[in-house]
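J.: Residue numbers (our numbering): 848 to 1293. Input: one structure, supplied below.
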Amino acid sequence: MTPRAAAPSSRRERPPSAELRRDVRLLTTLLGDSVRDHGGPELFETVEAFRRAVIDRRQRPTPTRIAAVDRLVAGIDRTDGLRVARAFTAFFQLVNVAEDRQRVRELRAGGRGAVLPPLERAVEVTEVLTAHPTEAKRRSVVEHLWRIGELLDQLDDPRCAGRVRAELQRRLRVEVASLWLTDPVRRDAPTPLDEVRATMALFDRTIFTTLPRVVRSTGGAARLRWATWVGGDRDGNPLVTAAVTAEAAEIAREHVLRGYEAASRRIARSLSASDQDVRPSRALVGSLAGDALVFPDRSGELARTLPDAPHRRKLVLVAERLAATRSRQAAGYASPDAFRRDIETIRTSLRAGGAAMLADGELANLAAQADAFGFHLASIEIRQHSEVLQRALRTPDPAVDAMFRTIVEVQADLGEVACNHLIISFTRSADDVAAAYELARRVDPT
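Shown next as structure tokens:
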């Protein structure tokens, strides 16, 4: 499948760059090879004939060319029609990947690395992840596309040559073939919890790692918060229940704690400053003494293996406490504030010892993540139709009561910020808001 230039439109469009054309040609050629290898030459010829006919129709939509496309469509049976549609789905997905990489290329060339401009005063920004219950794209497809984009990025490196380049090209060929061989649509409709887990993949991929860079680019003046409708949009998806909301909160809690633990262990491996060069503060020494009471065996082991690296020992014990928090052990953190205090104790000690660069590196990123995500990751926003609330006010509704009880329980577990917004859709008057307050008081009079 090799693209052909389309006829110019009436709008003034910037012609695609040579790099973009190169990437599109590479990816679509690899896709064509996969279609031929795994679908057979006849399917490949059908796809190519259809592609050429559609391009011709777009360039000059004459009756003859329109009829030619219609004849091709009429001549494709159901089985081949599904495979042709699948080929074009993969085709456009790969073109989108190439366009995304070109956008990154242009941003890098222009030196526009900062996500936000420097700010003169502090601002707080809340990003909201909206729910898409009809999204059927499989996570495996998304991950193939991510890896294809990464491989394109590596092939862009001018130092990439010889065997290294050949290996990257081989891996790219494998990823494109895997994309073609993966059914792009789920067999079963995604559940709300499937969507929650897909959101966690997005969190891992971009949000968790990008947020510190955004905060740093603003000189620390931006405070970023995250909210989500996923798992709480009852008006948009009838399958969202109180139990789903509770499970969504638990999945997010588990996920963000795993992220902190992994980051703490990774940073600790590089935090090897000697106590002779960077003397620990009294607060850090005291904190380690407290950890020894909670984790006597692990603390003793670290004292033997890392006797001269107190900051590293402390961060390893932070990871241990995060693991205990995740499994709800008594040794875990009582709140995200306690976790943040431990990180700041390490950072303050490093600064006092003359190692401000270490304090303001990866540890600063972890502090920014802890500040933004807490132990809840994103505040679940409950969305309910005003008519449902009004009916529940007139006639007791167990589902609505369960919704409000879940809000109370999530707040008790993860803090008020974990679930503190109720969006009343199709609100007509103040009575709709009053109904929500009354229903909430029925469940929790306080």
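Note that beta-carbon positions come from the ideal geometry of N, C-alpha and C, so glycine has one too. No experiment lies behind these values; they were computed from the predicted model shown.
Using beta-carbon positions only, say whether PHE1251 and ALA1287 come within less than 9 angstroms of one another.
T.: yes
J.: Going by DSSP in three states, TRP1073 sits in which element: helix, strand or coil?
T.: strand
J.: To which residues of the same chain is ARG1052 closer than 7 angstroms at the C-beta, ignoring the five residues directly before and after it?
T.: Listed in chain order, the non-local C-beta contacts of ARG1052 below 7 angstroms within the same chain comprise TRP993, local neighbours out to five positions each way being set aside.
J.: Below 8 angstroms on the Cβ atoms is my contact criterion, and I expect ARG948 with ASP870 to pass it. Report the Cβ-Cβ distance as a whole number of Å.
T.: So it is a contact: roughly 6 angstroms between Cβ atoms.
J.: Taking only runs that begin and end inside the segment 1126 to 1167, name each unbroken alpha helix (DSSP H) of 4 or more residues, in chain order.
T.: Within the segment 1126 to 1167, the complete alpha helix (DSSP H) runs of at least 4 residues are 1129 to 1141 and 1143 to 1152.
J.: Rounded to a whole number of angstroms, what is the C-alpha to C-alpha distance between ALA1283 and VAL1257?
T.: 18 angstroms
J.: To the nearest angstrom, how far is the alpha carbon of ARG968 from that of ALA1099?
T.: 31 angstroms
J.: Let me know if GLY1078 comes out buried or exposed under the rule of 16 or more other beta-carbons within 10 Å of its beta-carbon.
T.: Residue burial annotation: GLY1078 is buried, with at least 16 other C-beta atoms found within 10 angstroms of its C-beta.
J.: By alpha-carbon positions, which one of ARG918, LEU1028, GLU953 and LEU1086 ends up nearest to LEU877?
T.: For the residues ARG918, LEU1028, GLU953 and LEU1086, the minimum Cα distance to LEU877 belongs to LEU1028.
J.: For THR849, is the classification buried or exposed, using 16 other Cβ atoms within 10 angstroms of its Cβ as the cut-off for buried?
T.: Low confidence applies to THR849: its pLDDT is 46, below 50, so where it sits in the model is not reliable, and the reading given next is rough at best. Its Cβ having fewer than 16 others within 10 Å, THR849 is exposed.
J.: Would DSSP call LEU976 helix, strand or coil?
T.: strand
J.: Quick check: the Cα distance between GLY1262 and PRO1037, rounded to an integer number of angstroms?
T.: The alpha-carbon atoms of GLY1262 and PRO1037 are separated by roughly 29 angstroms.
J.: Report the option in ALA921, THR1075 and ASP917 whose CA atom is closest to the CA atom of VAL1264.
T.: Comparing Cα-Cα distances from VAL1264 to each of ALA921, THR1075 and ASP917, the minimum goes to THR1075.
J.: If you reduce the DSSP assignment to three classes, tell me which class LEU1224 lands in.
T.: Of the three classes helix, strand and coil, the one that applies to LEU1224 here is coil, per DSSP.
J.: From ILE1270 to LEU1086, what distance separates their C-alpha atoms?
T.: Straight-line measurement puts the Cα of LEU1086 at about 17 angstroms from the Cα of ILE1270.
J.: With a threshold of 8 angstroms, are at least 3 pairs of Cβ atoms found where one atom belongs to the segment 1086 to 1095 and the other to the segment 1006 to 1023?
T.: Because the criterion of three Cβ pairs below 8 angstroms is not met, the segment 1086 to 1095 and the segment 1006 to 1023 do not touch.
J.: Among LEU1224, ASP1030, ALA1177 and PRO863, which one has its Cα closest to the Cα of LEU1049?
T.: If we check each option's Cα against that of LEU1049, LEU1224 comes out closest.
J.: Evaluate GLY1106 with the Cβ neighbour count: other Cβ atoms within 10 Å of its Cβ, from every protein chain shown; 16 or more gives buried, anything less gives exposed.
T.: buried
J.: With distances taken Cα to Cα, identify the nearest neighbour of VAL951 among GLY922, VAL975 and LEU999.
T.: LEU999
J.: Which residue marks the beginning of the alpha helix (DSSP H) containing ILE902, and which one marks its end?
T.: 888 to 906
J.: Beta-carbon separation of LEU1104 and PHE1222 under 9 angstroms?
T.: yes
J.: Would the segment 1146 to 1155 count as touching the segment 1189 to 1199 if we require 3 or more Cβ pairs under 8 angstroms?
T.: Pairwise C-beta distances place the segment 1146 to 1155 out of contact with the segment 1189 to 1199, as fewer than three of them are shorter than 8 angstroms.
J.: Per DSSP, what are the beta-bridge partners of LEU1269 in this structure?
T.: According to DSSP, which records beta bridges pairwise, LEU1269 is partnered with ILE1229.
J.: Which one of GLN1176, VAL916 and GLU1209 has the shortest CA to CA distance from ALA1109?
T.: GLU1209
J.: In whole angstroms, what is the alpha-carbon distance linking LEU941 and TRP1073?
T.: 30 angstroms
J.: How many Å lie between ALA961 and THR1057 at the Cα?
T.: Residue placement at ALA961 is poorly supported in this model, since its pLDDT is 48, which falls under 50; the coordinates still yield a value, given next. Their backbone Cα atoms lie some 11 angstroms apart in a straight line.
J.: Since ALA1206 and VAL1062 should fall inside the 8 angstroms C-beta cutoff, what is the C-beta to C-beta distance between them, to a whole number of angstroms?
T.: The pair is not a contact, with the Cβ atoms about 15 angstroms apart (cut-off 8 angstroms).
J.: Since THR893 and ASP927 should fall inside the 8 angstroms C-beta cutoff, what is the C-beta to C-beta distance between them, to a whole number of angstroms?
T.: Confirmed, about 6 angstroms.
J.: For ALA1139, I'd like the list of residues in its chain whose CB is within less than 7 angstroms of its CB, leaving aside the five on either flank, ordered along the chain.
T.: SER1146
J.: Can the beta-carbon of ASP1189 be found closer than 9 angstroms to that of ARG1168?
T.: yes
J.: Can you list, in chain order, the residues of its chain whose CB lies under 6 angstroms from that of ALA937, leaving out five sequence neighbours each side?
T.: LEU878, LEU1026 and TRP1027
J.: Which partner residues does ASP1080 have in the DSSP bridge list?
T.: ARG1230
J.: With which residues is VAL944 paired in a DSSP beta bridge?
T.: DSSP lists no partner for VAL944.
J.: Assign VAL944 to buried or exposed, taking buried as 16 or more other Cβ atoms, counted over all protein chains shown, within 10 Å of its Cβ.
T.: buried
J.: State buried or exposed for PHE1273, treating a residue as buried only when at least 16 other CB atoms are found within 10 Å of its CB.
T.: Classification for PHE1273: exposed.
J.: Would the beta-carbon of ALA792 fall within 9 angstroms of that of VAL970?
T.: Since the displayed the chain opens at 848 and closes at 1293, residue 792 lies outside it and no answer follows.
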